[in-house]
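So the protein lines, in turn, are chains A and B.
My numbering puts the first residue of the first sequence at 5, with every later residue one more than the last.
My numbering puts the first residue of the second sequence at 5, with every later residue one more than the last.
All residues carry an ideal CB built from backbone N, CA and C; glycine is no exception.
There are 2 protein chains.
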Amino acid sequence: MQTEIFDLVIRGGTLLTMSADMQIIEDGVVAIKANRIELVGKNIQPGADKVIRADGCLVIPGLVNTHAHLPMVCFRGMADDLALMDWLENHIFPMEARFVDKKLAYDGAMLAIAEMILSGTTTVCDGYFFENHIASAIQSCGMRAVVAQGFADFATPDNTGREKIISTAERFVRRWKQYAPLVTPAFFCHSAYTCSPQTLVAVKAAARDAGVQYMLHLMEHEEEARTIESRYGRKPVPHLLELGVLDSETVAVHCNWLSPEDIKVFASQGVRVSHNPASSMKLAAGVAPIPQMLSRGIPVGLGTDGAASNNTLDMFQEMNLAAKIHKAVSLDPTAMSAAEVVRMATIGGARVLGLDNLIGSIEEGKLADIIILDMNQPHLTPLYNPYSQLVYAVRGADVTTSIIDGKIVMENRRLLTMDPAVAMQNVRDIGNRIASEGKP
Amino acid sequence: MQTEIFDLVIRGGTLLTMSADMQIIEDGVVAIKANRIELVGKNIQPGADKVIRADGCLVIPGLVNTHAHLPMVCFRGMADDLALMDWLENHIFPMEARFVDKKLAYDGAMLAIAEMILSGTTTVCDGYFFENHIASAIQSCGMRAVVAQGFADFATPDNTGREKIISTAERFVRRWKQYAPLVTPAFFCHSAYTCSPQTLVAVKAAARDAGVQYMLHLMEHEEEARTIESRYGRKPVPHLLELGVLDSETVAVHCNWLSPEDIKVFASQGVRVSHNPASSMKLAAGVAPIPQMLSRGIPVGLGTDGAASNNTLDMFQEMNLAAKIHKAVSLDPTAMSAAEVVRMATIGGARVLGLDNLIGSIEEGKLADIIILDMNQPHLTPLYNPYSQLVYAVRGADVTTSIIDGKIVMENRRLLTMDPAVAMQNVRDIGNRIASEGKP
């Protein structure tokens, strides 16, 4: 019998596979060759070039953040405790118009990547300006991402004008599609209130042509319904349905004010949803009816949104809030189980991004995106239920090791594919410039 | 000129004093002699036996947790996502009756102390069974605490019977009052629904005699109003007012269902409130009208409650939730500012516990309870507003150093007054016993 030698073996931890049957393997083993999980089991000792001992640890799929604006870390804590429209129109949009350039996009993304890997995220879906530069940062660190080129009709720092939408979109896809599924291109229309029907339809047509996902912010704030209705005579979801942009390759972000009718439309059209509780709570934008969506079978993932509204990119905080906010507003403590929340943060998020055949669970044949958590800490003792512990007690800082696409990108909390000190200094310099020149 | 030599000097950080005028000192200096802050300033270089450099750090008052049940860490994650009364009556109360003894109280408290110091808490108010043993654990670690002897009419693991209330109370105060203000005794009636009017009144009388604070859970759940009204013909706050137990030495915990009338009663009686958002959100017990209480001048502090319902003792999580939940339910993003939340977690909590003349701010003459946070981390970069950063981005794990009563109890995340490995092993053993014997 020939003994197969793997590139990397993780051994000894409690393995939360997040498979369809939610298999948990005590004292589990994961064997990786190149970027794939080749073997998952227990009581085996496969040979390997490198073995990571995970005794006393939880071993889980890397977390999937379905919505972020990475460079907005540069605005973290700049303008808090403000109403959404005040925050957007009097703080964020003007500061973006003034300060966002290619360098801010790249430097901000680098800092965001450090923060994300340090807190267990292995896949992020980003949408912002200068997305080519953000994608370059992501690629240089070996992180997995869906990078969504943004479109809006207002003046943005990288606006190419409506007539160039198609060529911009095609060029973006051409550049990045070759790197899929590590870096996968997509398109992001900012919203139905900042994109005309023509823009919404043209970008969706380009997305269909290119075979990429189409995202938009939807019904983050109650006000949006009135705005869209007064302009187009229909509420947002019927408006988008009429335009033909709602299908199973569309990801709607926030969805705080979806009506029961809207939820039916989403279910029948196969629309996917990104739930961002931290940002929506802080902006007092509303609480999305996520339990109702899940009961209708709508795919839901978690997202952090940008660090200007969150103010972190820590998916463990997002899980904690997702588990609690629906209980708080419904007065039903069974509204969202811990296991359901972990699903949304892993395989559920992968499904939202159309990557669930590749990532989101620890199963043979999937790509190796795995994180290891040190449970040997006072705040994680004792351990009765790993899902409860992950959602209600674990913090991002408890992630010790992260593997993306078979490569170790963090080991014992040391980042291996980037220098966080440089990333911090670059963003500190940007922050100092914003603080001294930019205060409104 | 004679140069005074201090025992300990902290130098170089950004000092959030939490003084009445919210003074912030950049590149600040704090000089400590014995257990007191003797000097607060900048551009001074006092001599000292030990100097802690805090460059790039935030230096803030130690956090004050106004409500916890420390040994309940032993039940962390044992029974989640359940309704409050189901959780209490079918899980927590039976498990407490079966497993809680002096050893569990002490061992659980030791683990809780490790968790609390590691996440920045320097003062805790605890109420549980076998409080003498919990107080001993606290004292042995040099932590500051208000330790509240519990009273209830149902069978508790340490029930002494109603006829012994006064003698038990007196003995408890006699034992611990000599250690105040490091360990300060108090009394805790579980609630108006588990304590008869006689018990409530007898314990309050004993508290007045002894000059100690009187605590009780109040209106955690909506159901309590109906229960009390059906028994006594009055809702809980009028019931307690009639019994004469509401005054400025009374701390009411939770208060999720206080009416505008109840809030007026609290304001006029001087009653103080402990707000526990994590626990109440997870139990779907309700959201306390804290902004309304603050606007009436009612003193409010934050508390974690026990780890069975939270599931951590991390005051930074509590701050994060306190800042977000009131925005989410009121749809008003200005409902609770970050600075207000930091105040509740420090000087506000100190006031609730009657200790605001001694702790809760970094001012000359106060006792030296101080924590230092490492802000040189990706998720805390850049830094525009320290209050925002503390509430929305800092995690308990960012606390590097903790000083309680002038003594360094944690330095560079190493606990100096206890061994966390021993504490974890003891609670793991208890957890294994509960898991194997006790599952309902």
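So B/R126 and B/S406 are supposed to be a Cβ contact under 8 angstroms. How far apart are they, rounded? Note on residue identity: the sequence assigns Thr, not Arg, to residue 126 of chain B. Contact check for B/T126 and B/S406: beta-carbon distance about 6 angstroms, within the 8 angstroms limit, so the pair qualifies.
Do you know whose CA, among B/N47, B/A149, B/S200 and B/V413, lies nearest B/F158's CA? Ranking B/N47, B/A149, B/S200 and B/V413 by CA distance to the CA of B/F158 puts B/S200 first.
Between the CA atoms of B/H95 and B/P444 - distance to the nearest angstrom: Note that B/P444 has pLDDT 48, beneath the 50 cutoff, so the model's placement of it is unreliable and the number below is only indicative. So the alpha carbons of these two residues sit roughly 7 angstroms apart.
Can you look up A/N69 in the DSSP assignment and give me helix, strand or coil? Here A/N69 sits in strand by DSSP.
Straight-line Cα distance separating B/A256 from B/G305: Computed Cα separation, rounded: 11 angstroms.
Does any C-beta atom of chain A lie closer than 8 angstroms to the C-beta of B/K331? With 8 angstroms as the cut-off, B/K331 counts as an interface residue toward chain A.
Which residue wins for smallest C-alpha separation from B/F192, given the options B/A342, B/V207 and B/R178? For B/F192, the nearest C-alpha among the options comes from B/V207.
Beta-carbon spacing of A/V216, A/A190 below 8 angstroms: The answer is yes: Cβ separation under 8 angstroms.
A/V413 and A/D111 look like a contact to me (Cβ under 8 angstroms); what is the Cβ gap, rounded to whole Å? Between the beta-carbon of A/V413 and that of A/D111 there is about 19 angstroms, and that puts the pair past the 8 angstroms contact cut.
Which residues in the same chain as B/L108 place their Cβ atom closer than 7 angstroms to its Cβ, once the five residues preceding and following it in sequence are excluded? Only residues of its own chain outside the window of five on either side were considered, and among them P75, C78 and I434 have a CB closer than 7 angstroms to the CB of B/L108, listed in chain order.
Can you pull the chain B residues whose beta carbon is under 9 angstroms from the beta carbon of A/M223, in chain order? Correct list: empty, because the minimum Cβ distance to chain B is about 14 angstroms.
From the DSSP output, which residues share a beta bridge with B/K37? Answer by DSSP bridge pairing, in chain order: B/R40.
Three-state class that DSSP yields for B/Q153 in the structure shown: DSSP places B/Q153 in strand when its eight states are reduced to three.
Neighbour list for A/N315 in chain B, Cβ cutoff strictly below 8 angstroms: Neighbours of A/N315 in chain B, taken as residues whose beta carbon is under 8 angstroms from its own, are S392, Q393, Y396 and A397 in chain order.
Please list the terminal residues of the continuous beta strand (DSSP E) segment that includes B/D373. It is not in any beta strand (DSSP E) - B/D373 carries neither H nor E in the DSSP assignment.
Show which residues of chain A have a CB atom less than 7 angstroms away from the CB atom of B/Y388. The answer, in chain order, is G81, M82, G435 and A439.
Identify whether A/R432 lies in helix, strand or coil by the three-state DSSP scheme. In this structure, A/R432 counts as helix in the three-state DSSP scheme.
So, is B/V291 buried or exposed, given that buried needs 16 or more other C-beta atoms within 10 angstroms? Counting the other CB atoms within 10 Å of its CB gives B/V291 a total of 16 or more, which places it among the buried residues.
The segment 246–254 of chain B contacting the segment 284–300 of chain B, beta-carbon criterion three pairs below 8 angstroms: No: fewer than three Cβ pairs fall under 8 angstroms.
Along chain B, in chain order, which residues have C-beta atoms closer than 8 angstroms to that of A/C78? Result: P386.
Does any residue of chain A have a CB that is nearer than 8 angstroms to the CB of B/M285? At least one chain A Cβ lies under 8 angstroms of B/M285.
Any idea which residues DSSP pairs A/Y391 with across the strands? In the DSSP assignment, A/Y391 is bridged to no other residue.
So A/R148 and A/D409 are in contact, right, with Cβ under 8 angstroms, and what is the actual spacing, rounded? The distance from the Cβ of A/R148 to that of A/D409 is about 6 angstroms, consistent with a contact at the 8 angstroms cut-off.
Measuring only between beta-carbons, confirm whether B/N380 sits less than 8 angstroms from chain A. Chain A, which has a Cβ nearer than 8 angstroms to the Cβ of B/N380, makes this yes.
Cutoff 6 angstroms; reference A/E119; Cβ partners in own chain excluding five residues on either side: Same-chain partners within the cutoff: L317.
Roughly how many angstroms separate the alpha carbons of B/Y132 and B/G154, rounded to a whole number? Going by the C-alpha atoms only, they are around 6 angstroms apart.
Round the Cβ separation of A/T350 and A/D378 to the nearest angstrom and send it over; I've been treating them as touching at under 8 angstroms. Not quite, the Cβ-Cβ distance comes to about 19 angstroms (not below 8 angstroms), so this is no contact.
So, does the segment 225–241 of chain B touch the segment 337–344 of chain B, judging by three or more C-beta pairs under 8 angstroms? Cβ pair count under 8 angstroms is below three, so no.
In angstroms, rounded to a whole number, what distance separates the CA positions of A/A58 and A/E415? Whole-angstrom Cα-Cα distance: 12 angstroms.
On the DSSP letters alone, give me the boundaries of the alpha helix (DSSP H) that A/L250 sits inside. Where A/L250 is concerned, there is no enclosing alpha helix (DSSP H), because DSSP gives it neither an H nor an E.
Below 6 angstroms CB to CB, which residues in the same chain sit around A/V275 once its five sequence neighbours on both sides are set aside? Excluding positions up to five away in sequence, the list reads L250, T254 and A256.
Which residue from B/P264, B/I302 and B/H279 puts its Cα closest to that of B/E322? Comparing Cα positions, the closest option is B/H279.
Would DSSP call B/Y132 helix, strand or coil? Here B/Y132 sits in strand by DSSP.
Report yes if the CB atom of A/G45 is closer than 8 angstroms to the CB atom of A/V33, and no otherwise. Yes, Cβ-Cβ distance for A/G45 and A/V33 is below 8 angstroms.
Please classify A/N47 as buried or exposed, where buried requires at least 16 neighbouring CB atoms within 10 angstroms. Counting Cβ neighbours within 10 Å, A/N47 comes out exposed, since fewer than 16 surround it.
Distance cutoff 8 angstroms, beta carbons only. Does B/K328 sit that close to anything in chain A? Yes, contact with chain A.
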